[in-house]
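One structure is given here, and the rest of the page talks about it.
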Amino acid sequence: MASFEAPSRAPLRPVKEARPWQTDSWQAHPAAQMPHYDDAVELQSAMDKLRKLPPLVTSWEILALKELLADAQQGKRFLLQGGDCAETFADCNNEVIANRLKVLLQMSLVLVHGLRMPVLRVGRFAGQYAKPRSTDTETIDGVTLPVYRGDLVNGPEFTPAARRADPGRMLEGHARSAMTMNFVRALIDGGFADLHHPEYWNLAWVERSPLSAEYRHMVDGISGAMHFMETLAGPIANFQRADFYTSHEALLLPYEQAMTRQVPRQWGWFDLSAHFPWIGMRTSALDGAHVEFCRGIRNPIAIKIGPAMHVDQLQQLIDILDPDDEPGRLTLVHRMGVGGIGQHLPRLIEAVKATGRRVLWVCDPMHGNTEKLGNGVKTRRFANIRSELEQAFDIHAAAGSRLGGVHLELTGEDVTECLGGARNLSEADLGRAYKSTVDPRLNYEQSLELAMLIVRKSDRVE
Ligand code: PEP
Ligand code: CO
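Heads up, the sequence shown is in the numbering used here, so the first residue is 6 and it goes up one at a time.
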């Protein structure tokens, strides 16, 4: 998001005449996963304030991203999307933001080098503050309270005051997202991503990793390649920066509605809370509020697809969300689990093929592989994450389709939340640095390891 230019192709108006749509037309549809706000006046007032605040992203950034996603649909770019399961207001700080950016940049470097193609970087950050939950309430010792739905909605503490859905949190979430964006943009503009300084990129624990030799070899290779190109072509300014786009689940619709605006010299509406919102697995009902909201915005949209997705539901979703088969508009993120991908992905690939529509296929190997240990701790096994991802490459290749990206939950911190990986974290290790309040994330070195494995795997698939 550092250096955007206006898109080169003039954006076309839709060919098909769509059903009428307004920023609030979702309100007439069943809205899953929405908190209950007990004071309509307070909610309206927060939305009115939000509507007047500056946007977090711009329409030209969104349109530029759509073009890059269109390239990815054609196999000319690979999408790396990653970040926390849920951001928290408390983690809106220097270290967490900088380390997350570092690990994503380093992974993208591994992918660029290994895949020999540009990588499109999208963070799950600057707005990933609202979470779908499996129940509406939580009961502890006979006391029942609303469930925690993410910092954008309520607080995690088990008290009536904290668990009340507070519309003022949307303003706080907007402010924290703006601070995150501001810092990310400044880091990128300030040369944080300068590939001439690979030493910036070496966080301490890489040194202790069994993969450090391979990693160092790769960084040397990249430096050598850069040196070679600069010898031929002179200094290449683009090495000094890395574009970054933002994404979050478009879950809390009052927030998304208030951030959806019209802009000068463009037709239609843009959700300016993030470049690339996605529809979660629990909110993709055809007639649901989330699909209704997303069909009317011009941002590129992703949909999470789980094992329960029916072929005709998927085909209809494509029709509703992308009636004009617009390049870059639609990304399908499958998250089937290591045991389910072989069974479910082939039929969905065939279903999309049958529509003749273009989509970008992305694998989320995290959300189908969450398990609870005997002691109640949620974890994911690195071996399962790896296997689902490897199967995804193979299944797409066998079907004449292409896996165009990955969607990961990760952090730049040295946490111990997922089992296994090069250092083979055990159940006993999980107690050491388990920080996530929601889903378990890959830590820094597990993330880099996965990037290296993607490169190895895609070499074999080609
Ligand atoms: C998520 O990405 O954090 C999430 C809740 O995913 P899904 O909708 O795929 O379960
Ligand atoms: Co998650």
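Where a beta carbon is used, it is the ideal one built from N, C-alpha and C, also for glycine.
How many angstroms separate the CA atom of Gln78 from the CA atom of Arg362?
Distance between the alpha carbons of Gln78 and Arg362: 11 Å.
Where does Leu276 sit, in a helix, a strand or coil, going by DSSP?
Rather than Leu, the amino acid found at residue 276 in this sequence is Asp. Correct three-state label for Asp276: strand.
I'd like to confirm something about Lys71: is its beta-carbon nearer than 7 Å to some heavy atom of the ligand PEP, or not?
Checking every heavy atom of the ligand PEP against the Cβ of Lys71, none is found closer than 7 Å.
Return the CA-CA distance between Pro35 and Gly342, expressed in angstroms with no decimal places.
Whole-angstrom Cα-Cα distance: 28 Å.
Is Pro137 near the ligand PEP, in the sense that its beta carbon is under 7 Å from a heavy atom of that ligand?
Checking every heavy atom of the ligand PEP against the Cβ of Pro137, one is found closer than 7 Å.
Could you give the distance in angstroms between the alpha-carbon of Leu353 and the alpha-carbon of Glu47?
Cα-Cα distance, rounded: 43 Å.
Taking 7 Å as the cut-off, is the C-beta of Cys368 nearer than that to any heavy atom in the ligand CO?
No; taking the cut-off as 7 Å, the Cβ of Cys368 has no heavy atom of the ligand CO nearer than that.
Please go through the same chain and pick out, in chain order, the residues whose beta-carbon is closer than 7 Å to the beta-carbon of Ser50, but skip the five residues on each side of it.
Counting only Cβ-Cβ distances below 7 Å, and skipping sequence neighbours, we find nothing.
Given this structure, state the Cα-to-Cα distance separating Ala427 from Leu365, to the nearest angstrom.
Their backbone Cα atoms lie some 30 Å apart in a straight line.
Taking C-beta to C-beta, are Arg473 and Gly155 nearer than 8 Å?
As displayed, the chain neither begins before 6 nor continues past 467, which places residue 473 out of reach and without an answer.
Between the segment 437–451 and the segment 413–428, do three or more beta carbon pairs fall short of 8 Å?
Enough Cβ pairs lie closer than 8 Å, so yes.
Pick out every residue whose C-beta is nearer than 5 Å to a heavy atom of the ligand CO: which are they, in chain order?
With the cut-off at 5 Å, the residues found are Cys90 and Asp444.
Does the distance between the C-beta of Arg154 and the nearest non-hydrogen atom of the ligand PEP fall short of 7 Å?
Incorrect: Arg154 has no Cβ contact closer than 7 Å to the ligand PEP.
Kindly indicate which three-state DSSP category Trp31 falls into: helix, strand or coil?
Residue state, collapsed to three classes: helix.
Please look up how many angstroms separate the CB atoms of His253 and Ala170, rounded, as I've assumed it's under 8 Å.
With 8 Å as the limit, His253 and Ala170 do not qualify as a contact, their Cβ atoms being about 18 Å apart.
So what's Ala307 in DSSP terms, helix, strand or just coil?
Strand, per DSSP.
Kindly examine the ligand PEP and report whether one of its heavy atoms sits closer than 7 Å to the Cβ of Ala254.
Before going on, a small fix: residue 254 reads as Glu here, not Ala. It does: the Cβ of Glu254 is within 7 Å (strictly closer) of some heavy atom of the ligand PEP.
Go ahead and label Thr288 buried or exposed: buried means 16 or more other beta carbons lie within 10 angstroms of its beta carbon, across all protein chains shown.
Result: buried.
Does the beta-carbon of Gly285, which I'm using as the reference point, lie nearer than 7 Å to any heavy atom of the ligand PEP?
Result yes, Cβ under 7 Å from the ligand PEP.
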